[in-house]
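Novice:
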Amino acid sequence: MLRREFLSLLVLAAASSTSFAQNQPARPRAAAAPNPAYAQITDDPALPRVLLIGDSISIGYTLPLREALKGKANLHRPATNCGPSNRGVANLESWLKAGGSDKWDVIQFNHGLHDIRHFSDPENKKPVGADEGHRQVLEEEYEKNLRTIVARLKKTGAKLIWRNTTPVPEGSNGRVTGDEVRYNEIAKKVMDENQIPIDDMYTFCLPRLKEIQKPKDVHFTEAGSKVLAEETAKMIVAALPKPAAKK
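Numbers -21 to -1, 1 to 226, taken from mature numbering (1 follows the signal peptide of the UniProt record, and there is no 0), label the letters of the sequence shown in order.
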């Protein structure tokens, strides 16, 4: 008898505890630490200003590129993943004010990897495998978007550098190997027509993929991102305004 009553009390206590836990408000998740690549910098007024517009590939090489340009240029980027070209069209005006000024000496820009990513829904919110759905931005729209972006960037008076799209390895979820080549060809046509030099990171990466890129992933290792930064710094430095000769 006592044993039965004791067990009943245990069951009741467990039920009460479960009910109490279910009725408690969920604890807020700890906020993710901000990406250090998004940190705003204070300009050295004696140095030219460089703006970097791009997706997670450029986010990965932002910090080592800033280090490579130390003492040569102030490197800024929007505090976001600039994603596909349609996002560029929609947000370019705000991005051009990164760092509190819209005066730029050099702008390096890229869109591509997000344009060729596959989604299953019209709003492009549900990513799917490479053999499903549709590309986020189709070729005709990609070209149109790039022309819109280029027209606006040319008005800044900055020297422009297009950084083309890096290789998509086999097995990279959500993207088809080879799509980046077609989109790079579209971009090349637009840039050539506008006399904009191209940082051909695609060709640079190809023979080095095993050393610098993650397997079955469009992203690069930390060491790989540093390699990209060192390479792209060369073209940016060459585009910087030459310091005035001392009298």
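Even for Gly, the Cβ is constructed at its ideal location relative to N, Cα and C.
(1) DSSP three-state call for residue 89: helix, strand or coil?
(2) Can you give me the Cβ contacts of residue 265 inside the same chain, cut-off strictly under 8 Å, excluding the 5 residues immediately before and after it?
(3) Excluding the 5 residues preceding and the 5 following residue 49 in the sequence, name in chain order all residues of the same chain whose CB lies nearer than 8 Å to its CB.
(4) Could you give the first and the last residue of the continuous alpha helix (DSSP H) run that contains residue 141?
(5) Opposite residue 56 in the DSSP bridges: which residues?
(6) Smallest Cα separation from residue 108: which of 150, 201 and 173?
(7) Does DSSP classify residue 219 as helix, strand or coil?
(8) Excluding the 5 residues preceding and the 5 following residue 209 in the sequence, name in chain order all residues of the same chain whose CB lies nearer than 8 Å to its CB.
(9) Under DSSP, the alpha helix (DSSP H) around residue 161 begins and ends at which residues?
(10) Hey, quick one: how far does the beta strand (DSSP E) through residue 188 stretch, first residue to last?
(11) Using the three-state DSSP reduction, which class does residue 28 fall into: helix, strand or coil?
(12) Measuring CB to CB, does residue 97 end up less than 7 Å from residue 64?
(13) Does DSSP classify residue 177 as helix, strand or coil?
(14) Could you give the C-beta distance for residue 148 and residue 181, rounded to a whole number, given that I count them as a contact under 8 Å?
(15) Just the C-alpha distance for residue 70 and residue 28, rounded to the nearest angstrom, thanks.
(16) Could you name the residues of the same chain whose beta carbon sits closer than 7 Å to that of residue 218, not counting the 5 residues immediately before and after it, in chain order?
(17) Can you tell me where the alpha helix (DSSP H) holding residue 41 begins and where it ends?
(18) Taking the straight line between their C-alpha atoms, what separation do you get for residue 142 and residue 13?
(19) Could you pull the DSSP bridge partners for residue 98 from this structure?
(20) Give me the residue from 58, 195 and 173 with the minimum Cα distance to residue 131.
Specialist: According to the data block:
(1) coil
(2) Outside the displayed span of the chain (-21 to 226) sits residue 265, for which this structure offers no information.
(3) none
(4) Careful: residue 141 lies outside any alpha helix (DSSP H), inside the beta strand (DSSP E) at 138 to 142.
(5) Its beta-bridge partners do not exist; DSSP assigns none.
(6) 150
(7) coil
(8) 43 and 47
(9) 158 to 172
(10) Note, residue 188: premise wrong, no beta strand (DSSP E); alpha helix (DSSP H) at 188 to 191.
(11) strand
(12) no
(13) strand
(14) No, residue 148 and residue 181 are not in contact; Cβ-Cβ is about 12 Å, not under 8 Å.
(15) 20 Å
(16) 85, 138 and 140
(17) 35 to 47
(18) 25 Å
(19) 106 and 113
(20) 173
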